[in-house]
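Visitor:
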Amino acid sequence: MAVVHKASDTVIFTALALFSLSLFSLASAISGNATFYKPPYNPSACLGKRVVKGIMLAAVSNQMWKNGRVCGKHLRVSCTGKANESPRACRGSRGQSITVRIVDLCDGCKGNHIDLSLQAFAKIADPDAGVVKISFDLSVIATSSFTQFVNFVPDQQLLC
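Count the sequence shown with mature numbering (1 follows the signal peptide of the UniProt record, and there is no 0) and you get residues -29 to -1, 1 to 131, in order.
1. Pick helix, strand or coil for D108, following the three-state DSSP scheme.
2. What residue does the beta strand (DSSP E) around I95 start on, and which one ends it?
3. Within the continuous beta strand (DSSP E) that includes N4, where are the two ends?
4. Give the list of continuous beta strand (DSSP E) stretches no shorter than 3 residues that lie fully inside the region 45 to 77.
5. Rounded C-beta distance between S49 and S106? I'm assuming under 8 Å.
6. Residue range of the beta strand (DSSP E) that A29 falls in?
7. Measure the C-alpha to C-alpha separation of Q34 and G79 and round it to an integer number of angstroms.
8. Please confirm whether C17 and G43 have their CB atoms less than 8 Å apart.
9. Relative to the C-alpha of V102, which residue among D86, P11, D108 is closest?
10. To the nearest angstrom, how far is the alpha carbon of C61 from that of A100?
11. What three-state label does DSSP hand G82 in the structure shown?
12. Using the three-state DSSP reduction, which class does G39 fall into: helix, strand or coil?
13. Can you check which of these residues, I26, A5, T6, is closest to N13 by C-alpha distance?
14. Taking only the alpha-carbon atoms, compute the straight-line gap between W36 and F92 and give it to the nearest angstrom.
15. Assuming S(-2) and D108 make a contact with CB atoms under 8 Å, what is their CB distance in whole Å?
Below, the structure is given as structure tokens:
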């Protein structure tokens, strides 16, 4: 007996698969803190003295660094609240996220602490706060869709 699949079955399956992936993404968010660093953004641990292109950048702690295997990976980062007594913290709507590319190691960062470029930090938080609570996850982004956020060095040049 042959099994016949209707187009509606495929649509339903695809919708369920996408919904499941979105739940996985929410479940895999990691809590941490973010600070920021100012330009110039090179030299960097990933690119050495080559010019780091773009402004939506991040440096990660040694625990997250994985001996440089995270170079060029993307993080989706959201501000979740105040981390100190600053009257200001998050900007934008709750859960608003940015996407950054990992280009450096943050020697002073411990655990789940990310040092964002000033421009990236300012998109989600008030720089006067200095440090904010965040949630983040590794983000799978196709090269073509990432170009709207940052003018980056192509992956084949990110040899860390």
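Beta carbons are placed, not taken as given, at the ideal position from N, Cα and C, and that holds for glycine.
Guide: Put simply:
1. strand
2. Careful: I95 lies outside any beta strand (DSSP E), inside the alpha helix (DSSP H) at 89 to 95.
3. 1 to 8
4. 45 to 53, 68 to 76
5. 5 Å
6. 28 to 31
7. 11 Å
8. yes
9. D86
10. 9 Å
11. coil
12. helix
13. I26
14. 20 Å
15. 5 Å
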